[in-house]
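Read through the structure below, which is laid out as structure tokens, and then see the notes.
Protein chains in written order, with this note's numbering: chain W, 1368 to 1685; chain C, 5 to 638.
This is how it looks when you write it as structure tokens:
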């Protein structure tokens, strides 16, 4: 029997602020899981700490609400030991690019077949609006006592240079675009990253829904800042294993990642399936890893170990 | 007459001291002797003084003694560091080319130690003066010009390559030693073959060198009185490095995932697991241990937890600084009742402390690490052999009680080389507790269901009809966030009641081991076990009976069983390798019992049985202070 969208929703009360961009993201994740018909027990949402951390409780698949900054570590542990799982990690921009930045880079270097979504709103919402790593230098959001003194992290650029092999951006209020991006990310063979622009209606009074829409208070006209890469003929895919091809695709993605203010690109910036997945690197050492993964192995029969150590112990005999 | 010989070889780090000790140990073990060896080294890759001490005996031994029977030194520093340790009728085999060296020329000897040398020797700190000091104490001096030996050998064997091969000094040193001990050369050759089994040409060179220098020593230094004759060989013995106990235990009991971050002295275990990642499985396809080197220890424990959530027996292995970083995630595993094992190879802290030296500083930290209140088991092994079986038990505890288990090991255990009985996987039981293999549809599965014994049936990620939620927040039975005061109380009670449940259900002999009780009784935990057992044996030969209780379960604290064991003890001696006497603190806290004496060591060096024998003897003779601090070892 086909699973319906409703099957992916829990009855847990959602206490996000009215109008929060997070609603769009959780809906898009549920819609993408339903569209891909992923069996509920085979999917696992890992989340970090903060408003976005609650995401895993609203989706009716396995949900692991972890620690601040550490979501990728838990998620990778699960994926490594059970490669059959569809693993989606989610978290805020402070979580992933501040306290968790080391894990972000290390995960990129590994390139496991899973997805990481960052809810990027420029502030630490749940602790009342401090500046997050993506807030621009000199900007003063509502609850900051003085303007931000740090330069911002470029999430797309960091992901590309860290080795993520699918790097995209979407917008929390464009649920259809976001849903399609999530599906493409999950289907990508390797580690995929989606930077989701997610207005925080309570604490970020700069990057608001109206701001993204380019709404002019005076003229009451809108000139949307957001545009879609795919509508400009942009091709993110690394097609063949040559330095010139790779350099061209990396460079164009980095250049686009720097666009902000008047023109903000969303869509897939970079996609490379030529770089080996971590799973493949393991099977080079452990040939039956995928069929006989750590979680699938028989370790005991009737309470006795299945392991046979005799060869090693023979070599230690004196 | 018992044979009991201690052999010490020293040299700059990176010069092959360890492989020399390996050849020596293997040769002796192959003759049927018991071996206890340990390595001491600086936090350094090349150049600083490192040494290996190997004790060889036909009796069962569990530790080093303070005395050295034979010392082999290719460099001056080894002489300066150890010349007082060699006993009467013992021997120093040394490179005659270093005899004129002075401690002033050795930049790895610090000013304090130079001053001490001058004052101890009463004259200039030269190798010759140190050797004369030893000679006056009855030590036999066997000078050899290693360079000339190599050169002569090169001529005789018509192999000019040999001339410059200073790495051969190690094999020469071993062969001279076995030569003066008049040990049959056959086992030496076999030992070399076994160690260089993958490098035939090198094995051949080493055999030639060994043969030459063995004959050289038997001809030239025939007046040495200690000998190593072939002894009765016990069947079923193995020789292992300390870290192999926990590594092989993990392989045997089905640990299939170990993320780790490099740290001394813990990473040897992970590297060994990875080197042996493909595992033979009885009547089945091969299994494997997935070992992942992570970006830090925070990631290592996060991955370990992620692995455990898929039903994989998962562990990480670290030392104090790494464990400090893990403490936040440890609490997450506690509140989410995730079975993980952390193998904690302690070293001397605080902070970086003595990074390559021994210490048992982290007992209280292991018990209290992490914010908030959550249950965990802290379990300590006392020697390499038991660490194999204990490792398997730790995984059982983790799964039966659904909590993190911290398995306490240390640098002493990690860097010792011992002969012991062959590990027997048949003795291992695997108990996965309430792990579910199947859940029927519509059963409304709840991961944290409140049950009578407070342990909930455990689903895993990927199990049909068994989806569940985890959160570091307080949660309801399903695993969703709650701040409900009543539910909070019930969940806290559920989790923390496990501590009593552990004490009620864990067999006594797994909580503590009694090696006999007496009015005077030693209590300890972890690696002092070996030196204590040997010290007790020494006392026994003088008809002094001392009891010994080895605590293995340290959290929850086994007060009932321990109370029973201690009930007739009049004088209690706490022995541990730290400054505070941390076990003593636990005794005060849980049993209102203050140890009558403390024997502590925090130089970073391991205890010898000689030191413990002396301390206990002082206590018996009422000559001891309440707190005795041990100092032996360079």
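Built from N, CA and C at the ideal position, the CB exists for glycine as well. Only a predicted model underlies this, so the values are computations on that prediction, with no experimental measurement involved.
Exercise. Does the distance from the CB of residue 555 of chain C to the CB of residue 516 of chain C come in under 8 angstroms?
Worked result: What you label residue 555 of chain C is simply residue 551 of the second chain in a count that begins at 1. What you label residue 516 of chain C is simply residue 512 of the second chain in a count that begins at 1. Residue 516 of chain C sits close to residue 555 of chain C, with the two beta carbons spaced by under 8 angstroms.
For this session: Give the range of the beta strand (DSSP E) segment to which residue 175 of chain C is assigned.
Result: For the purposes of this step, residue 175 of chain C is taken as the residue at position 171 of the second chain. Counted as a single uninterrupted DSSP element, the stretch harbouring residue 175 of chain C is not any beta strand (DSSP E) but the alpha helix (DSSP H) occupying residues 173-184.
Exercise. Relative to chain W, which residues along the segment 254-276 of chain C have a C-beta separation below 7 angstroms, given in chain order?
Worked result: From the segment 254-276 of chain C, only 255, 256, 257, 258, 260, 261, 263 have a Cβ closer than 7 angstroms to chain W.
Problem set entry | residue 17 of chain C, DSSP secondary structure in three states | Taking the first residue of the second chain as position 1, residue 17 of chain C is located at position 13. Taken through DSSP and simplified to helix, strand or coil, residue 17 of chain C comes out as coil.
Problem set entry | Exposure of residue 1525 of chain W, with buried meaning 16 or more beta-carbon neighbours within 10 Å | Taking the first residue of the first chain as 1, we reach residue 1525 of chain W at position 158. Classification for residue 1525 of chain W: buried.
For this session: Kindly indicate which three-state DSSP category residue 44 of chain C falls into: helix, strand or coil?
Result: In the second chain, residue 44 of chain C corresponds to position 40, counting from 1. It is a strand residue.
For this session: Compare the Cα-Cα distances from residue 289 of chain C to each of W/1649, W/1674, W/1638, W/1643 and report the closest residue.
Result: Locating residue 289 of chain C in the second chain gives position 285, counting from the first residue. Taking only the C-alpha atoms, the option nearest residue 289 of chain C is W/1674.
Problem set entry | Any beta strand (DSSP E) of 3 or more consecutive residues that is wholly inside the segment 217-256 of chain C | The segment 217-256 of chain C contains, as complete beta strand (DSSP E) runs of 3+ residues, the segments 241-245 (chain order).
Exercise. What's the C-alpha gap between residue 498 of chain C and residue 403 of chain C?
Worked result: Against the second chain, residue 498 of chain C aligns to sequence position 494. Against the second chain, residue 403 of chain C aligns to sequence position 399. If I take the Cα positions, the gap works out to 16 angstroms.
For this session: Could you tell me which chain W residues have their CB closer than 8 angstroms to the CB of residue 307 of chain C, listed as they occur along the chain?
Result: Position 303 of the second chain, counted from the first residue, corresponds to residue 307 of chain C. Within 8 angstroms Cβ-Cβ: 1440, 1441, 1443, 1444, 1447.
Problem set entry | Segment contact, 8 angstroms Cβ cut-off, at least three pairs: the segment 527-547 of chain C with the segment 58-71 of chain C | Cβ pair count under 8 angstroms is three or more, so yes.
Problem set entry | Paired residues, beta bridge with residue 1587 of chain W - DSSP | Numbered from 1 along the first chain, position 220 holds the residue referred to as residue 1587 of chain W. Answer is none; residue 1587 of chain W lacks a bridge partner.
Exercise. From which residue to which residue does the beta strand (DSSP E) around residue 336 of chain C run?
Worked result: Within the second chain, numbered from 1, the residue matching residue 336 of chain C stands at position 332. Counting along the chain, residue 336 of chain C falls outside any beta strand (DSSP E), though it belongs to the alpha helix (DSSP H) covering 324-339.
Problem set entry | residue 1670 of chain W: contacting residues in chain C (beta-carbon distance under 7 angstroms) | Against the first chain, residue 1670 of chain W aligns to sequence position 303. Near residue 1670 of chain W (Cβ distances below 7 angstroms), the residues of chain C are 433, 434, 435.
Exercise. When the Cα of residue 617 of chain C is compared with those of C/69, C/514, C/53, which residue comes out closest?
Worked result: For the purposes of this step, residue 617 of chain C is taken as residue 613 along the second chain, with counting starting at 1. Between residue 617 of chain C and the set C/69, C/514, C/53, the nearest pair of CA atoms involves C/69.
For this session: Note down, in chain order, every chain W residue with its Cβ under 7 angstroms from the Cβ of residue 468 of chain C.
Result: Indexing the second chain from 1 puts residue 468 of chain C at position 464. Here the neighbours are 1408.
Exercise. Apart from the five residues just before and just after residue 26 of chain C, which ones in its own chain have a Cβ nearer than 7 angstroms to its Cβ?
Worked result: Translated into positions along the second chain, residue 26 of chain C becomes position 22. So the list reads 199, once near-sequence residues are dropped.
Problem set entry | chain C contact for residue 1605 of chain W (CB, 8 angstroms cutoff) | The residue you call residue 1605 of chain W lines up with position 238 of the first chain. Among the residues facing chain C, residue 1605 of chain W is not included, as its CB has no counterpart in that chain under 8 angstroms away.
For this session: For the segment 380-461 of chain C, list the beta strand (DSSP E) runs that are entirely contained and at least 3 residues long, ordered along the chain.
Result: Scanning the segment 380-461 of chain C from its first residue to its last, the whole beta strand (DSSP E) runs of 3-plus residues come out as 381-384, 409-414, 420-425.
Exercise. DSSP state of residue 75 of chain C, grouped into three classes?
Worked result: As a position in the second chain, residue 75 of chain C is number 71, starting the count at 1. If DSSP states are grouped into helix, strand and coil, residue 75 of chain C belongs with the strands.
Problem set entry | As assigned by DSSP and simplified to three states, the class of residue 118 of chain C | As a working mapping, residue 118 of chain C is identified with position 114 in the second chain. DSSP places residue 118 of chain C in helix when its eight states are reduced to three.
Problem set entry | Best match in C/163, C/405, C/549 for proximity to residue 501 of chain C [C-alpha to C-alpha] | Locating residue 501 of chain C in the second chain gives position 497, where the first residue counts as 1. For residue 501 of chain C, the nearest C-alpha among the options comes from C/405.
For this session: Could you list the residues in the segment 415-432 of chain C with a C-beta less than 8 angstroms from some C-beta on chain W, going in chain order?
Result: Close to chain W, meaning a Cβ-Cβ distance shorter than 8 angstroms, are the following residues of the segment 415-432 of chain C: 423, 426, 427, 429, 430, 432.
For this session: Find the nearest neighbour of residue 301 of chain C within the set C/287, C/281, C/328, C/317, judged by alpha-carbon distance.
Result: In the second chain, the residue the question calls residue 301 of chain C occupies position 297. Check the Cα spacing between residue 301 of chain C and each of C/287, C/281, C/328, C/317: the tightest is with C/328.
Exercise. Would residue 446 of chain C pass as a contact of residue 349 of chain C if the rule is Cβ separation under 8 angstroms?
Worked result: The residue given as residue 446 of chain C occupies position 442 in the second chain. The residue given as residue 349 of chain C occupies position 345 in the second chain. Cβ distance not < 8 angstroms, so residue 446 of chain C and residue 349 of chain C don't count as in contact.
Problem set entry | Proximal chain W residues relative to residue 311 of chain C, where beta-carbon distance stays under 9 angstroms | As a working mapping, residue 311 of chain C is identified with position 307 in the second chain. Under the 9 angstroms cutoff, chain W gives 1444, 1445, 1447, 1448, 1449, 1661, 1662.
Problem set entry | Continuous alpha helix (DSSP H) stretch holding residue 539 of chain C: start and end | Stepping through the second chain from its first residue, residue 539 of chain C is reached at position 535. Unbroken alpha helix (DSSP H) run through residue 539 of chain C: 533-544.
For this session: Figure out for me which residue from W/1492, W/1613, W/1410, W/1499 has the closest Cα to the Cα of residue 1388 of chain W.
Result: The residue you call residue 1388 of chain W lines up with position 21 of the first chain. When each option's Cα is compared against that of residue 1388 of chain W, the closest is W/1492.
Exercise. So, is the C-beta of residue 1673 of chain W closer than 8 angstroms to a C-beta in chain C?
Worked result: Counting from one through the first chain, the residue named residue 1673 of chain W turns up at place 306. Output row for residue 1673 of chain W: interface = yes.
For this session: Please classify residue 1661 of chain W: is it buried, with 16 or more other beta-carbons within 10 angstroms of its beta-carbon, or exposed?
Result: Here residue 1661 of chain W refers to the residue found at position 294 when the first chain is read from its first residue. Buried.
Problem set entry | Residues near residue 696 of chain C in its chain [Cβ-Cβ closer than 7 angstroms; skip 5 each side] | In the structure as shown, chain C begins at 5 and stops at 638. Residue 696 of chain C is therefore absent and cannot be evaluated.
Problem set entry | Contacts of residue 1655 of chain W in chain C (Cβ-Cβ under 8 angstroms) | Stepping through the first chain from its first residue, residue 1655 of chain W is reached at position 288. Within chain C, the C-beta atoms nearer than 8 angstroms to that of residue 1655 of chain W come from 289, 290, 292, in chain order.
For this session: Please determine if the segment 107-122 of chain C and the segment 162-174 of chain C are in contact, where contact requires at least 3 C-beta pairs separated by less than 8 angstroms.
Result: No contact exists between the segment 107-122 of chain C and the segment 162-174 of chain C.
Exercise. Which class does residue 1446 of chain W belong to by DSSP, given the choice of helix, strand or coil?
Worked result: Against the first chain, residue 1446 of chain W aligns to sequence position 79. Shown here, residue 1446 of chain W sits in a helix according to DSSP, grouped into three states.
Exercise. Is residue 1624 of chain W helix, strand or coil when you go by DSSP?
Worked result: The residue given as residue 1624 of chain W occupies position 257 in the first chain. Residue 1624 of chain W falls in the helix class under three-state DSSP.
Problem set entry | Secondary structure, beta strand (DSSP E): runs of 3+ residues fully inside the segment 1458-1504 of chain W | Whole beta strand (DSSP E) segments, 3+ residues: 1482-1487.
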